[in-house]
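Visitor: If you read the protein sequences in the order shown, they are chains A and B.
So the first sequence is numbered by the working numbering: it starts at 105 and just counts up by one.
So the second sequence is numbered by the working numbering: it starts at 105 and just counts up by one.
From the three backbone atoms N, C-alpha and C, an ideal C-beta is built for every residue, glycine too.
For clarity, every value in this text was computed on a predicted model and none was experimentally measured.
If you scroll down you'll find the structure; I have some questions about it.
2 protein chains.
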Amino acid sequence: MTGYAPSEAARRSGFSLDTLRYYEKIGLLSGVGRTPAGRRVFTDDDLGWLTLFRCLRDTGMPIAEMCRYAELARAGDHTTGERRALLVRHAQRVEEQMCLLQRQYDHLREKIRFYDTLG
Amino acid sequence: MTGYAPSEAARRSGFSLDTLRYYEKIGLLSGVGRTPAGRRVFTDDDLGWLTLFRCLRDTGMPIAEMCRYAELARAGDHTTGERRALLVRHAQRVEEQMCLLQRQYDHLREKIRFYDTLG
DNA sequence: GCTTGACCTGGAGCGCGCTCCAGGTAGAAA
DNA sequence: TTTCTACCTGGAGCGCGCTCCAGGTCAAGC
Numbered sequence: 105m106t107g108y109a110p111s112e113a114a115r116r117s118g119f120s121l122d123t124l125r126y127y128e129k130i131g132l133l134s135g136v137g138r139t140p141a142g143r144r145v146f147t148d149d150d151l152g153w154l155t156l157f158r159c160l161r162d163t164g165m166p167i168a169e170m171c172r173y174a175e176l177a178r179a180g181d182h183t184t185g186e187r188r189a190l191l192v193r194h195a196q197r198v199e200e201q202m203c204l205l206q207r208q209y210d211h212l213r214e215k216i217r218f219y220d221t222l223g
Numbered sequence: 105m106t107g108y109a110p111s112e113a114a115r116r117s118g119f120s121l122d123t124l125r126y127y128e129k130i131g132l133l134s135g136v137g138r139t140p141a142g143r144r145v146f147t148d149d150d151l152g153w154l155t156l157f158r159c160l161r162d163t164g165m166p167i168a169e170m171c172r173y174a175e176l177a178r179a180g181d182h183t184t185g186e187r188r189a190l191l192v193r194h195a196q197r198v199e200e201q202m203c204l205l206q207r208q209y210d211h212l213r214e215k216i217r218f219y220d221t222l223g
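In structure tokens, the structure reads:
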């Protein structure tokens with residue numbers, strides 16, 4: 105149960121210090137420990153959450169939905185089904201997003217090929 | 105050289121009427137024709153531009169960069185090299201984005217598989 | 001002639017996700 | 001002992017990309 109300073113947690117998660125504080129403020133990240141002087145101490149568990157948030161953000165999940173997920177997790181083991189369903193729905197949206205991205209990427213490549221034929 | 109009403113251009117491009125007006129206001133789309141009464145008339149050429157903008161937006165290009173591209177195109181044929189370079193740079197960013205998306209999608213799938221093992 | 005509806009304008013407002021700031025504290029380094 | 005750095009708080013501000021609104025115009029259908 106190593107503890108990490110805010111700057112270290114930021115470095116490892118890829119979120120800024122301000123974003124870490126923001127996530128805690130809105131209740132996305134909760135139960136972050138403190139030193140007697142009031143400074144945050146992040147655990148490996150917190151970093152695990154941050155890794156998940158990184159994944160969800162990178163795949164375009166809105167923060168409100170991540171909050172919902174975190175809330176379910178806090179509510180206990182009886183919410184695993186709902187949590188899984190939430191992730192599955194999100195994964196489906198990501199698949200669609202990947203298809204669209206691929207299509208438009210192909211379109212873009214074609215446009216570039218057009219410029220290639222000009223000279 | 106068929107002409108399209110704003111609502112038809114919106115339907116075909118997938119942009120809202122407000123967005124079409126906005127794109128013209130900021131100079132992204134220029135030279136859109138008008139009826140004597142001042143109503144917009146979109147040509148096939150305009151729709152071609154909108155299709156390109158759709159592609160670039162869907163792949164995450166900021167509007168400022170699309171403006172730059174449109175500006176180059178308006179400047180004439182001597183800018184084709186620069187235009188191509190702009191698209192190539194963008195395509196590279198899109199490739200990176202696709203890789204990241206795939207990685208995080210895999211991560212997400214793994215998380216879902218974890219929930220599957222629970223019951 | 002009257003209503004309806006699609007369109008026009010300039011400009012304000014919004015939702016998201018941070019990001020920055022002022023003013024302050026604790027602890028370590030010189 | 002002074003200074004420096006990393007951190008703290010509450011709250012304001014920002015950049016992006018639209019989106020909405022009020023108030024008006026025109027053309028077509030009844």
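Going along chain A, which residues have a C-beta under 9 Å from residue 129 of chain B?
Guide: Looking up residue 129 of chain B in the second sequence gives position 25. Here the premise fails: no neighbours, minimum Cβ distance about 25 Å.
Visitor: Does any residue of chain A bring its CB to less than 8 Å from the CB of residue 173 of chain B?
Guide: If you number the second sequence from 1, residue 173 of chain B lands on position 69. With respect to chain A, the C-beta atom of residue 173 of chain B has no partner C-beta closer than 8 Å.
Visitor: Quick one: list the residues of chain B neighbouring residue 136 of chain A, beta-carbon separation under 9 Å, in chain order.
Guide: Within the first sequence, the letter at position 32 stands for residue 136 of chain A. Against residue 136 of chain A, chain B offers no close residue; the least beta-carbon distance is about 22 Å (beta-carbon pairs closer than 9 Å).
Visitor: How about residue 219 of chain B and residue 184 of chain A: do their beta carbons lie closer than 8 Å?
Guide: Reading the second sequence from its first residue, position 115 is the one you call residue 219 of chain B. Reading the first sequence from its first residue, position 80 is the one you call residue 184 of chain A. Yes, Cβ-Cβ distance for residue 219 of chain B and residue 184 of chain A is below 8 Å.
Visitor: Name the chain B residues that come within less than 8 Å of residue 170 of chain A, Cβ to Cβ?
Guide: If you number the first sequence from 1, residue 170 of chain A lands on position 66. Within 8 Å Cβ-Cβ: nothing; residue 170 of chain A doesn't reach chain B, min ~12 Å.
Visitor: In terms of residue numbering, what span does the alpha helix (DSSP H) encompassing residue 220 of chain A cover?
Guide: Here residue 220 of chain A corresponds to residue number 116 of the first sequence, with the count starting at 1. Where residue 220 of chain A is concerned, the enclosing alpha helix (DSSP H) stretches over 184 to 220.
Visitor: Does any CB atom of chain B fall closer than 8 Å to the CB of residue 195 of chain A?
Guide: As a first step, residue 195 of chain A is located in the first sequence; it is residue number 91 there, counting from the start. It does; some Cβ of chain B falls within 8 Å.
Visitor: Residue 188 of chain A touches chain B at which residues, Cβ-Cβ below 7 Å?
Guide: For the purposes of this step, residue 188 of chain A is identified with residue 84 of the first sequence, where counting begins at 1. The answer, in chain order, is 216, 219.
Visitor: Apply the 10 Å Cβ neighbour rule to residue 198 of chain B and answer buried if 16 or more other Cβ atoms are within range, or exposed otherwise.
Guide: Taking the first residue of the second sequence as position 1, residue 198 of chain B is located at position 94. Buried.
Visitor: Which residue wins for smallest C-alpha separation from residue 150 of chain A, given the options A:135, A:187, A:213, A:173?
Guide: Looking up residue 150 of chain A in the first sequence gives position 46. When each option's Cα is compared against that of residue 150 of chain A, the closest is A:135.
Visitor: In or out: residue 139 of chain A buried (at least 16 other Cβ within 10 Å) or exposed?
Guide: Taking the first residue of the first sequence as 1, we reach residue 139 of chain A at position 35. Exposed: under 16 other Cβ atoms inside 10 Å.
Visitor: Just reading off the alpha helix (DSSP H) that residue 123 of chain B is part of, what are its end residues?
Guide: Start at 1 with the first residue of the second sequence, and residue 123 of chain B comes out as number 19. Where residue 123 of chain B is concerned, the enclosing alpha helix (DSSP H) stretches over 121 to 129.
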